[in-house]
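Oh and the sequence shown: position 153 is 613 in the working numbering, straight run, nothing missing. Here is the structure we will look at, set down as structure tokens.
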Amino acid sequence: MSGHPVAGGAPLKDLPAPPASLFDVGGGRSPTTDTTPSTVLARFQVLGTPRPQGSKRSFVAAGGQVRTVESNATSHARWRNAVADKAYEITQAEPGGFPLDGPLAIEATFRFPCATTRRKRAVNLGGTLPYISAPDLDKLLRAVLDALEQSGLVTNDARFTTVFATKLEVVDAWTGADITIRRPL
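Have a look at this one:
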């Protein structure tokens, strides 16, 4: 890779190639194929339609005060509570091991229903397609990470140092999220 001049600056230096996987634990194992109990701290699935957190709207209330509220408060609360409930079940099944602390890594796959206009293509490609519509992936993650803290599964969502996230459209399959928490490399 050659240097690229930055506006008015020196060329960028060549960077080393990124690792094959942010979750590579040796031997080429990926987060979806490596389920060794020692590397997985928690894994669970949440059924439903993933909802984002972070979209806010402001308005002027009576008396001239500006108020800010979540624009999708009801659906967001249902989704976040569903994630928190599943995470809480894990903390109750293994008391003493939670909340998790120290550096953490998360893999989250958000599964949305496939639009009818892309259904045939998705079936031909094995039943899934990348989901390239709203909501934004970072806002979906924000809702999940906050729910993990709310449930007591992690001490603080700031402990997540590594994130691997995917949005998929699925045909005739469950919708929701598949969440795995590990120690990062």
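Glycine included, each C-beta is placed from N, C-alpha and C at the ideal position. All values derive from a computational prediction rather than experimental measurement.
- Among E567, Q513, K627, T640, nearest to R602 - alpha-carbon criterion: As a first step, residue 602 is located in the sequence shown; it is residue number 142 there, counting from the start. Out of E567, Q513, K627, T640, Q513 has the C-alpha closest to the C-alpha of R602.
- Task: Please confirm whether V529 and K546 have their CB atoms less than 8 Å apart.
- Result: On the sequence shown, residue 529 is found 69 positions in, with the first residue counted as 1. On the sequence shown, residue 546 is found 86 positions in, with the first residue counted as 1. Not in contact: V529 and K546 (Cβ atoms no closer than 8 Å).
- When DSSP labels each residue in this structure, what does V604 get in the three-state scheme? As a working note, residue 604 is residue 144 in the sequence shown. Note: V604 maps to helix in three-state DSSP.
- Query: Count the other CB atoms within 10 Å of the CB of A633; is the residue buried (16 or more) or exposed (fewer)?
  - Reply: Here residue 633 is taken as the residue at index 173 of the sequence shown, counted from 1. Result: exposed.
- Query: Per DSSP, A641 forms a beta bridge with which residues?
  - Reply: The residue labelled residue 641 in the question sits at position 181 within the sequence shown. Inspection of the sequence shows that residue 641 is occupied by Ile rather than by Ala. Per DSSP, A502, I566.
- Message: Suppose contacts are defined by Cβ-Cβ distances below 8 Å. Is V526 in contact with L560 by that definition?
- Response: Taking the sequence shown and counting its residues from 1, the one referred to as residue 526 is at position 66. Taking the sequence shown and counting its residues from 1, the one referred to as residue 560 is at position 100. No. Outside cutoff.
- So, A582 versus T588, is the Cβ gap smaller than 8 Å? By 1-based counting over the sequence shown, the position of residue 582 is 122. By 1-based counting over the sequence shown, the position of residue 588 is 128. Taking 8 Å as the Cβ cut-off, A582 and T588 qualify as a contacting pair.
- Where DSSP assigns a beta bridge to G508, which residues make up the other side? For this step, residue 508 is matched to residue 48 along the sequence shown. G508 pairs with nothing; no bridge assigned.
- What number of angstroms, rounded off, separates the C-alpha of I550 from the C-alpha of N616? Translated into positions along the sequence shown, residue 550 becomes position 90. Translated into positions along the sequence shown, residue 616 becomes position 156. For the pair I550 and N616, the Cα-to-Cα distance works out to about 17 Å.
- Message: Rounded to the nearest angstrom, what separates A537 and L507 at their Cα positions?
- Response: The residue given as residue 537 occupies position 77 in the sequence shown. The residue given as residue 507 occupies position 47 in the sequence shown. So the alpha carbons of these two residues sit roughly 14 Å apart.
- Item | Whole-angstrom distance between K627 and I438, CA atom to CA atom | In the structure as shown, the chain begins at 461 and stops at 645. Residue 438 is therefore absent and cannot be evaluated.
- Item | Anticipated Cβ contact below 8 Å, V520 with R579, distance rounded | Working through the sequence shown from its first residue, we reach residue 520 at position 60. Working through the sequence shown from its first residue, we reach residue 579 at position 119. With 8 Å as the limit, V520 and R579 do not qualify as a contact, their Cβ atoms being about 44 Å apart.
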